[in-house]
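As structure tokens, the structure follows; a few thoughts come after it.
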Amino acid sequence: MKTLQSTTSYFLAEGRVNLRECVRLSFVRATQASIRTIVMFTLNGEGVELACNEFLGDPTYRNQRVVAVSYPFGAVPSAALQMTEARMELFTKFSIPLLRATSPIDDVPVPNSRQNNMIRKTLEIFSGGTALCVWAILAACDAGAVPYGEHVIGCCGDTSILAKATPSAQFLSSFAVREIVCKPLIHDISKGESLAEEINADVLVERNKGKQLVVHPQLPRGVEGNQPK
């Protein structure tokens, strides 16, 4: 039986505090798996700027390209979507397309229905960011920035996945998540979880024989997570 060994890294909680490490892990995994395209969901270009300044200029990642996906104007306050001129210049310098697209995974709202957005809510059982990663990949494929069937990395501020890209019309029939590169353990933002109330962290991060565990630099002392080889 053929097997593939891959490691998921875990952040203690959700949020942009994990952005740099999430982007780093995305580039590392893309290089390891010979993935050419990293699709980044971004609000105001912060993560893309980080990718440009710290990774795209590094010869180690010279084969990677980035596609940026963001909210369309009108979906969130316009001020939140404003990108600095310096960031836009980086988009141009590294030939990064910026796609603005409505979410292809949100259901058409039904008044007074408690069943709206079931696909998004289902994806959020993995993390709030999982839905954003899938959104970004589908939107990039819809726009022709990613070919049908290409394996890509999709990432946001705290979640990264390796998936087979499809247009949104083939989402349920053909889209496939191959790996979870990194994700939060506690869904404190998307589900309002509390570390103290929801889980016994000591059990989740307990050392196991044969597994390499290291302390993530962004986590409090004593909290451990899996580190990719």
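Numbering of the sequence shown is given in the numbering used here, commencing with residue 829 and proceeding in unit increments.
We put the beta carbon where it would ideally sit given N, CA and C, even for glycine.
Report the rounded CA-to-CA distance for residue i versus residue j, giving the unit in angstroms.
| i | j | result |
| --- | --- | --- |
| Ser931 | Leu966 | 9 Å |
| Ser996 | Leu1023 | 35 Å |
| Gly972 | Glu913 | 26 Å |
| Thr859 | Gln892 | 8 Å |
| Ala861 | Gly957 | 22 Å |
| Gly982 | Glu952 | 15 Å |
| Gly885 | Glu978 | 24 Å |
| Met916 | Thr831 | 42 Å |
| Leu927 | Gln833 | 33 Å |
| Arg1006 | Arg890 | 23 Å |
| His1015 | Gln910 | 27 Å |
| Ser906 | Ser1002 | 34 Å |
| Glu842 | Pro887 | 31 Å |
| Val974 | Ile863 | 12 Å |
| Ala993 | Ala959 | 14 Å |
| Met899 | Met829 | The sequence as given places Tyr at residue 899; Met does not occur at that position. If I take the Cα positions, the gap works out to 43 Å. |
| Thr835 | Thr865 | 20 Å |
| Ile947 | Asp934 | 7 Å |
| Gln1040 | Phe901 | Caution applies to Gln1040, whose pLDDT of 42 falls short of 50 and renders its modelled position unreliable; the value that the coordinates give is listed next. Cα-Cα distance, rounded: 44 Å. |
| Tyr838 | Glu1021 | 16 Å |
| Ala929 | Asn881 | 25 Å |
| Lys1011 | Lys949 | 16 Å |
| Asn945 | Glu874 | 27 Å |
Pick helix, strand or coil for residue i, following the three-state DSSP scheme.
| i | result |
| --- | --- |
| Arg864 | coil |
| Gln1017 | What sits at residue 1017 in the sequence shown is Ile, not Gln. Of the three classes helix, strand and coil, the one that applies to Ile1017 here is coil, per DSSP. |
| Phe919 | helix |
| Asn1036 | At Asn1036 the pLDDT is 45, less than 50, meaning the model places this residue with poor confidence and gives no usable figure here. |
| Pro995 | coil |
| Cys850 | helix |
| Ser834 | coil |
| Leu871 | coil |
| Ala973 | coil |
| Ala1004 | strand |
I believe residue i touches residue j by the beta-carbon criterion, under 8 Å. Please report the beta-carbon distance rounded to the nearest angstrom.
| i | j | result |
| --- | --- | --- |
| Ala896 | Phe919 | 7 Å |
| Ser988 | Leu853 | 6 Å |
| Arg1060 | Leu878 | In the structure displayed, the chain extends from 829 to 1057; residue 1060 sits before or after that span and is not available. |
| Met868 | Val856 | Contact flag wrong, Cβ pair sits at about 15 Å. |
| Cys850 | Asp986 | 6 Å |
| Val980 | Ala991 | 7 Å |
Which residues share a DSSP beta bridge with residue i?
| i | result |
| --- | --- |
| Ile947 | Partner(s): none; Ile947 has no beta bridge. |
| Ser898 | Arg928 |
| Pro1012 | Phe839 |
| Gly982 | Val867 and Ile989 |
| Arg1058 | In the structure displayed, the chain extends from 829 to 1057; residue 1058 sits before or after that span and is not available. |
| Val856 | DSSP, once it has assigned bridges, lists no residue as partnering Val856. |
| Val904 | Phe901 |
Using beta carbons (cut-off 8 Å, strictly below), is residue i in contact with chain B?
| i | result |
| --- | --- |
| Thr920 | Chain labels in this structure do not include chain B; a single protein chain is all it has. |
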